[in-house]
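Here is the structure we will look at.
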Amino acid sequence: MVERKIRVLVGKPGLDGHDRGAKIVASVLRDHGMEVIYTGLHKTPEMIAEIAVQEDVDVVGLSILSGAHMELFPRVRKALEERGLGQVLLVGGGIIPKDDMRELEREGFAKLFGPGTKTDDIANYITDEMSRRWAKEGADV
Numbered sequence: 166m167v168e169r170k171i172r173v174l175v176g177k178p179g180l181d182g183h184d185r186g187a188k189i190v191a192s193v194l195r196d197h198g199m200e201v202i203y204t205g206l207h208k209t210p211e212m213i214a215e216i217a218v219q220e221d222v223d224v225v226g227l228s229i230l231s232g233a234h235m236e237l238f239p240r241v242r243k244a245l246e247e248r249g250l251g252q253v254l255l256v257g258g259g260i261i262p263k264d265d266m267r268e269l270e271r272e273g274f275a276k277l278f279g280p281g282t283k284t285d286d287i288a289n290y291i292t293d294e295m296s297r298r299w300a301k302e303g304a305d306v
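Throughout the sequence shown, residue numbering follows the numbering used here, covering 166 to 306 in sequence.
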């Protein structure tokens, strides 16, 4: 039986020019056996959603440090839903106040990670959540 790899898109929406953290997370996810597609900087929500469709990803992870998370994260979620990807595991990270994290989770983000989160914790969360989802579908993980 072939084990399915988790496909993760790491996206940087908006004009945020800081990508070191996103690149580190992408590297750790690869080390955990995931296939990772990194969008690069300055992508629109629509561009991120299109890449997610083209790459047939299981997970979309967004990183933002500019403070525009309450504007850009919901726009990415909406663009994904418009393209039939409302079921992807949607996570995000950055400098996001706790109240905003709770609001974004109410709006459909599975999990948001703040400063100081251990990268292995992010990878383990994604692995555990995708294993749970695939077990419900009867897929191999």
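Positions of the beta carbon are idealized from the N, C-alpha and C atoms, including for glycine.
For residue i versus residue j, is the C-beta distance shorter than 8 Å?
i      : j      : result
Ala214 : Leu250 : yes
Leu230 : Asp181 : yes
Lys243 : Thr204 : no
Gly273 : Leu237 : no
What separation, rounded to the nearest whole angstrom, lies between the Cα atoms of residue i and residue j?
i      : j      : result
Gly232 : Ile260 : 7 Å
His183 : Pro280 : 14 Å
Gly257 : Phe278 : 6 Å
Ala288 : Gln219 : 23 Å
Asp265 : Val175 : 20 Å
Arg185 : Ala191 : 10 Å
Ser228 : Thr282 : 13 Å
Cutting at 8 Å between CB atoms, please list the residues of its own chain near residue i, excluding the five before and the five after it.
i      : result
Met295 : Ile171, Asp223, Val224, Leu254, Val306
Excluding the five sequence neighbours on either side, which residues of its own chain have a C-beta within less than 6 Å of the C-beta of residue i, listed in chain order?
i      : result
Thr292 : none
Met199 : Ile171, Val173
Thr209 : none
Between the options, which has its C-alpha nearest residue i's C-alpha?
i      : options                        : result
Arg298 : Ser228, Ala275, Thr282, Lys283 : Ala275
Leu245 : Glu270, Glu168, Ala191, Ala217 : Ala217
Asp221 : Lys283, Leu194, Val201         : Val201
Pro239 : Leu269, Thr284, Gln252         : Leu269
Among the residues of its own chain, which have a CB less than 7 Å from the CB of residue i, if the five just before and after it don't count?
i      : result
Glu211 : Ala244
Leu206 : Lys177, Gly182, Asp184
Please confirm if residue i has its CB atom under 8 Å from at least one CB of chain C.
i      : result
Ser231 : Going by chain labels, chain C is absent from the structure shown, which holds only one protein chain.
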